[in-house]
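For the sequence shown, my numbering gives the first residue as 517, with consecutive numbering after it. C-beta: ideal position from N, C-alpha, C; glycine also. Report on the following structure.
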Amino acid sequence: MQTHNPRLFIEMADVGPVLESIEAEEPGIVSVNLDKLPASVVSGTTLIDFSAAPDSTVRASVSLSMLFANRVATATSRSGDSSDEWLAAYTSNLGMLGFAVAGTAIVHSNFKKKGLRVHQAIIPFLTVAFGGATVGPIILAGLKNLQEQDANAPWIRLFDRETRRFNVQELHFAAVNSSEAETTIKYAVARLNVESKDTTILFFKLTNASAEFESSTTTMSANNSLLAAIGPDLRARLGTMIRSFIREAPLTPS
């Protein structure tokens with residue numbers, strides 16, 4: 517039985533300071549229209565595929581929920597916390613917002629093909645994590661088609677900045693599917709033990725030393741009526757952070 521109040525959590529949780537907007541770095545950036553979000557966006561830590569969730573209210577509320585969970589996990593983390601603790605807090609925050617979160621297991625894996633860039637090497641893992649190539653198709657096709665000139669795109673810069681956490685880099689991906697009553701999310705995380713200070717993580721070339729990684733998958737779900745109810749509260753609480761932390765990800769399908 518749900519014993520917490522998502523709207524009270526939104527009101528009371530610490531989201532941290534309003535960080536200096538990345539508009540200062542990229543003055544030409546146009547804020548996303550939350551009422552007309554495209555089929556793929558980056559929200560804080562997570563690259564989201566909305567191709568199977570056409571409802572604009574669902575898209576906005578899911579994007580805002582993931583950003584809110586991210587900011588609260590970051591604001592409440594302490595010096596010495598591990599990436600496992602941050603991820604546990606992030607997942608718990610989504611639960612506090614009303615998402616039913618299945619248990620998450622972390623698996624140690626290995627990239628078999630060396631010399632590939634991360635955006636290419638991650639595709640087989642994501643295909644399995646999502647449950648097949650028909651789930652999250654925009655993410656899968658978009659990663660496959662990334663080119664070197666895309667490395668400085670605003671959404672990639674945001675995604676790369678948010679993945680840099682502790683001594684690892686965590687890539688979060690979400691494939692959203694929505695029915696009339698409920699929204700289900702296949703959520704995948706790949707944790708890479710690499711340092712790519714001068715290279716965007718998606719374009720980092722794998723070596724023998726960087727081939728090992730940890731991965732986890734989970735399924736989340738939320739009632740669409742709840743998502744509609746918390747959306748306005750999330751907009752009000754996050755305020756100007758929305759412009760800095762949600763970006764359209766214009767991935768090119770194959």
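Top-ranked residue by Cα proximity to residue 533, from 755, 677, 641: 755
Which full runs of the beta strand (DSSP E) of 3+ residues lie inside the segment 670-736, going along the chain? 684-694, 698-708
For residue 719, collect the residues of the same chain with a Cβ closer than 6 angstroms to its Cβ; drop the 5 residues on either side in sequence, then sort them by chain order. 633, 667
What did DSSP end up calling residue 565 once you bin it into helix, strand or coil? strand
With DSSP collapsed to three states, give me the class of residue 517. At residue 517, the pLDDT of 41 sits below 50, so the modelled position is not reliable and the matter cannot be decided from this model.
Take residue 611 and list the residues in its own chain whose beta-carbon comes closer than 7 angstroms to its own, dropping the five residues that flank it on each side. Answer for residue 611: 617, listed in chain order.
What are the boundary residues of the alpha helix (DSSP H) that includes residue 664? Note, residue 664: premise wrong, no alpha helix (DSSP H); not H, not E.
Tell me whether the beta-carbon of residue 691 lies closer than 7 angstroms to the beta-carbon of residue 641. Not in contact: residue 691 and residue 641 (Cβ atoms no closer than 7 angstroms).
With 16 other Cβ atoms within 10 Å as the buried cut-off, status of residue 653: buried
Give the range of the alpha helix (DSSP H) segment to which residue 595 is assigned. No alpha helix (DSSP H) contains residue 595, which DSSP labels as neither H nor E.
Whose C-alpha, out of 761, 730, 743, is nearest the C-alpha of residue 575? Measuring from the Cα of residue 575, the nearest candidate turns out to be 743.
Three-way DSSP call (helix, strand, coil) for residue 645 in this model: helix
Do residue 639 and residue 659 have their C-beta atoms closer together than 7 angstroms? yes
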